[in-house]
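Chemist: Residue numbers (the numbering used here), protein chains in the order written: chain A, 1 to 405; chain B, 1001 to 1405.
For each residue, glycine too, the CB sits at the ideal point set by N, CA and C.
Would you mind keeping the following structure in view while I ask a few things?
Protein chains: 2
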Amino acid sequence: MSEELIGIIKGLCEKSERRILLTVADGLGGLPMEPGGPTELEAAKTPNLDRLAPVSDLGLLEPVGPGITPGSGPAHLALFGYDPVKYNIGRGVLEGLGIDFPLTGRDVAARFNFATVDGSGMLVDRRAGRLSTEENRRLVRKLRDGIRVGKGLEVFIETVKEHRGLLVVRGEGLQGDIHDTDPQELGVPALPAQATNPRAEKTAAIVNDLIAQAAAILKGEPKGNMILLRGFARHEPLPTMGERYGVRACAVAQYPMYRGLARLVGMTVAPHTASTAEDLKELGAHFPSFDFFYLHFKKTDSRGEDGDFPAKVGAIEELDRMIPELLALKPDVFALTADHSTPCVLAMHSWHPVPLLLHSPYCRPTGAKRFTERNCAGGSLGLRPSTDLMPILLAHARKLIKFGA
Amino acid sequence: MSEELIGIIKGLCEKSERRILLTVADGLGGLPMEPGGPTELEAAKTPNLDRLAPVSDLGLLEPVGPGITPGSGPAHLALFGYDPVKYNIGRGVLEGLGIDFPLTGRDVAARFNFATVDGSGMLVDRRAGRLSTEENRRLVRKLRDGIRVGKGLEVFIETVKEHRGLLVVRGEGLQGDIHDTDPQELGVPALPAQATNPRAEKTAAIVNDLIAQAAAILKGEPKGNMILLRGFARHEPLPTMGERYGVRACAVAQYPMYRGLARLVGMTVAPHTASTAEDLKELGAHFPSFDFFYLHFKKTDSRGEDGDFPAKVGAIEELDRMIPELLALKPDVFALTADHSTPCVLAMHSWHPVPLLLHSPYCRPTGAKRFTERNCAGGSLGLRPSTDLMPILLAHARKLIKFGA
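Listed below in structure tokens is the structure:
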């Protein structure tokens, strides 16, 4: 969608009480395990979706572009109507979102590994023997206690998992144009943090000082006496969904990455949940106070990544059992789709468009009896970029006024 | 479509005698009145379209963008191949088109209301009691008789309907960047015409002089002693269809807005008609002299706006009865589509893509037995922006040569 068109849509948005419920079944799109076989959606028993399909619009959404296999970040941003190419979120920022770290517009974030160097500073293990998360936490505590920074600066050091962590530097005028310090090979020293743009030189100097302090603090640790940084990125706050669409948006998601992505586009994120039952409870509790809801369902992706076809079919059946409770909330517009496909036969994200079901009083069903990739391919919504979804949802919720006379 | 592609298509156009007949059934696209019900097209008895559908290409056109409900202006421009976002026609110009006023490239147009002010110039009625069209005509005659303008300038004052009118100022170097003078509230005076861009200051001064003259002329009228102006727009002539596609284009349309839109893109507009029989007569009379024809059919939209499902079905059946006479003209390419959808269930324009039928010797029918939204969703032309239509029509008329070797 062109910038002009995005601007026009923004100008057409009108506040209303009508509610949109967007359920994102992560990695839902699938493939047959062998030619002629069913996809995961086709193999699943989905009585509730089967009732919805004949009275809904179906279609296919392409997350980023033809042939492009997206990560969760760009795939979700596209569903929320943000061009994932324009809003290319840096790795450091994504890592921050992934651990639910509340980033601000004054932050530069980078991922780090604990690594091990020998007596002369040469790398002998870039992952410090994949030390345990517990051991990671101990080293992080040591760094937090020891590191000192100048006035006007703050530093946050966070455990991610095993040997991985997150470094956030907060202050005025910081920039993320800094080269990785991980040389990607052994027997050489870590690289200094080098600015790739003159505007980042001050930030690079701060980072080099932090690395030197870290090395001094970690000296003597048999595993993890150094840190290697990569994916430096300044956090650029995005226009919020409220600003772009005039909606009050609320997210219900169990996993930190999705909670972080929702926060990135200005959604209110419901308290942590750990089960489908808790998700439904939070959704119900927030339903009166918001008019756009993003519900994230993770298992379809996890079982797809496992390559476990029967388990992904089971996840889809669990999703299907949620449908009556979701519809009982009486959303004016109900949509079910995926951020990307995760076919079991590939056991990873894929480039295939994702199935979309949209239910409102203003649908043009084409007679499909089930919600499957195949039926979506002949659906009335056609094959479209994922970024088309938001304006279509807004239109079905009667939140877009007429363009021109 | 990118500007580059538009330029390429322009370079590929080749004149030929082959004729394209594009019938636009205004607001044709519909919806079921209740889940599981038929759309207006599905409910209509359309024996002639039923004969055509199995030997034609079907598809769906999206007028402006996903979720966008277009007005008639942008929706028609898109069908004629003009990007409706780039060629966003100002309200004043559209009002001029709507009363069939022949605008030129030296014109700034604005809509006006007759309003009533009290003795101290404060607004007491922004619509002058919605005075009658007859009364409007009397006041317009008074203004025409009294208003004087400087050398090189012309002013046109036109009745639209009830309290509404059109002001056109014609001269060299005029600009439309002028703020509305309607303050949108009572108890305050009308705003002066203020330039929103320095280039429009001269025009704003001319307009302020006209307003002062109008106030003096209308002084003493109990209702309508002031005018409020809004929607100032300079008329920017568009490249004509002849320039863009090498066609000689002719329009047959009963309503002034559509005649004006056709004139805007350089079509020759057939004399006024008031019935389908007259439309067919004019079309026949002009058929030998042109190679592109735009025929506008209004009733499908009017009955849709009324929310009268049986009446819209009846309008579609009337349209169907025209088909044999249209085909008897032996156009090389016959297309039937809509500018936008006007589903009875909404009783207004909507964002839904419009059905398209294209008949030529070079079609790839997919076996659909009827021309319905549902069958169009699975058609061989797919779902496309409305701006794609013109080059496809030109191609079927063998008016586009090969691109590249």
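1. How is the beta strand (DSSP E) around A:Ala-233 delimited, first residue to last?
2. Taking C-alpha atoms, which residue in A:Glu-158, A:Trp-351 and A:Leu-49 lies nearest to A:Gly-96?
3. What did DSSP end up calling B:Glu-1221 once you bin it into helix, strand or coil?
4. When you compare the CB of B:Gly-1406 with every CB in chain A, is at least one pair closer than 8 angstroms?
5. Does DSSP classify B:Pro-1333 as helix, strand or coil?
6. Compare the C-beta of B:Val-1160 against all C-beta atoms of chain A and say whether one is closer than 8 angstroms.
7. Taking only beta-carbon atoms, is B:His-1296 less than 8 angstroms away from chain A?
8. What residues in the segment 1062-1074 of chain B bring their beta carbon closer than 8 angstroms to a beta carbon of chain A?
9. Is there at least one Cβ from chain A nearer than 8 angstroms to B:Glu-1236's Cβ?
10. Please name the residue or residues paired with B:Glu-1062 in a DSSP beta bridge.
11. Taking just the CA atoms, how far does A:Tyr-245 sit from A:Ile-401?
12. I want to see whether chain A comes within less than 8 angstroms of B:Val-1085, judged by CB atoms only; does it?
13. Of all the alpha helix (DSSP H) runs that stay within the bounds of the segment 248-331 of chain A, which reach a length of 4 or more residues?
14. Which term fits B:Gln-1184, buried or exposed, when burial requires 16 or more other beta carbons within 10 angstroms of its beta carbon?
15. Let me check understanding here. Comparing Cα to Cα, which of A:Gly-59, A:Leu-58, A:Pro-66 and A:Asn-88 lies closest to A:Arg-72?
16. My assumption, with CB atoms under 8 angstroms, is that B:Asp-1332 sits in contact with B:Ser-1360. Please give the rounded CB distance.
17. With a threshold of 8 angstroms, are at least 3 pairs of Cβ atoms found where one atom belongs to the segment 366-374 of chain A and the other to the segment 36-45 of chain A?
18. Under 8 angstroms by Cβ, that's how I've got B:Lys-1299 and B:Ala-1274 pegged, so tell me the actual separation to the nearest angstrom.
19. Can you tell which of B:Leu-1123, B:Ala-1115 and B:Arg-1141 has its C-alpha closest to the C-alpha of B:Arg-1130?
20. Where does B:Phe-1403 land, buried or exposed, given buried means 16+ other C-beta within 10 angstroms?
21. Please decide whether B:His-1179 counts as near chain A, where near means a Cβ-Cβ distance under 8 angstroms.
22. Using only the alpha-carbon positions, how far apart do A:Ala-397 and A:Val-269 sit?
23. Going by Cα to Cα distance, which pick from B:Asp-1209, B:Ile-1009, B:Arg-1141 and B:Glu-1135 is closest to B:Glu-1162?
24. Within a Cβ cutoff of 8 angstroms, which residues of the same chain sit near B:Lys-1219, ignoring the five residues on either side of it in sequence?
25. In the DSSP assignment, the beta strand (DSSP E) including A:Lys-161 goes from what residue to what residue?
26. Can you tell me whether DSSP reads A:Val-406 as helix, strand or coil?
27. Could you give the DSSP three-state label for A:Leu-238: helix, strand or coil?
28. At which residues does the alpha helix (DSSP H) containing B:Arg-1374 begin and terminate?
29. So what's A:His-359 in DSSP terms, helix, strand or just coil?
30. Need the endpoints of the alpha helix (DSSP H) that A:Asp-145 sits in, please.
31. Can you tell me whether DSSP reads A:Ile-89 as helix, strand or coil?
32. Taking the DSSP output, what are the residues bridged to A:Arg-164?
33. Can you give me the C-alpha to C-alpha distance between A:Gly-92 and A:Ala-262, rounded to a whole angstrom?
34. Could you confirm whether any beta carbon from chain B is found closer than 8 angstroms to the beta carbon of A:Asp-388?
35. Quick check on A:Leu-216: buried or exposed, where buried means 16 or more other Cβ atoms within 10 Å of its Cβ?
36. Distance cutoff 8 angstroms, beta carbons only. Does A:Ser-380 sit that close to anything in chain B?
Modeler: In terms of the structure at hand:
1. 226-234
2. A:Glu-158
3. coil
4. This structure cannot settle anything about residue 1406 of chain B, because the visible part of chain B is limited to 1001 through 1405.
5. In the sequence as displayed, the identity of residue 1333 of chain B is Val instead of Pro. In the structure shown, B:Val-1333 sits in a strand (DSSP, three-state: E or B).
6. no
7. no
8. Val-1064, Gly-1065, Pro-1066, Gly-1067, Ile-1068, Thr-1069, Pro-1070, Gly-1071, Ser-1072, Gly-1073 and Pro-1074
9. no
10. B:Pro-1385
11. 12 angstroms
12. yes
13. 256-264, 276-286, 299-306 and 309-328
14. exposed
15. Note on identity: in this sequence residue 72 of chain A is Ser, with Arg being the wrong assignment. Of the listed residues, the one whose Cα sits closest to A:Ser-72 is A:Asn-88.
16. 7 angstroms
17. yes
18. B:Lys-1299 to B:Ala-1274, Cβ: 13 angstroms. No contact.
19. B:Ala-1115
20. exposed
21. no
22. 22 angstroms
23. B:Glu-1135
24. Asn-1225
25. 154-161
26. No statement about residue 406 of chain A is possible, as the shown extent of chain A runs from 1 to 405 and does not include it.
27. coil
28. 1373-1377
29. strand
30. 133-146
31. coil
32. A:Asn-113 and A:Lys-161
33. 17 angstroms
34. yes
35. Before going further, note that residue 216 of chain A is Ala rather than Leu in the sequence given. When all chains shown are included, A:Ala-216 counts as exposed.
36. yes
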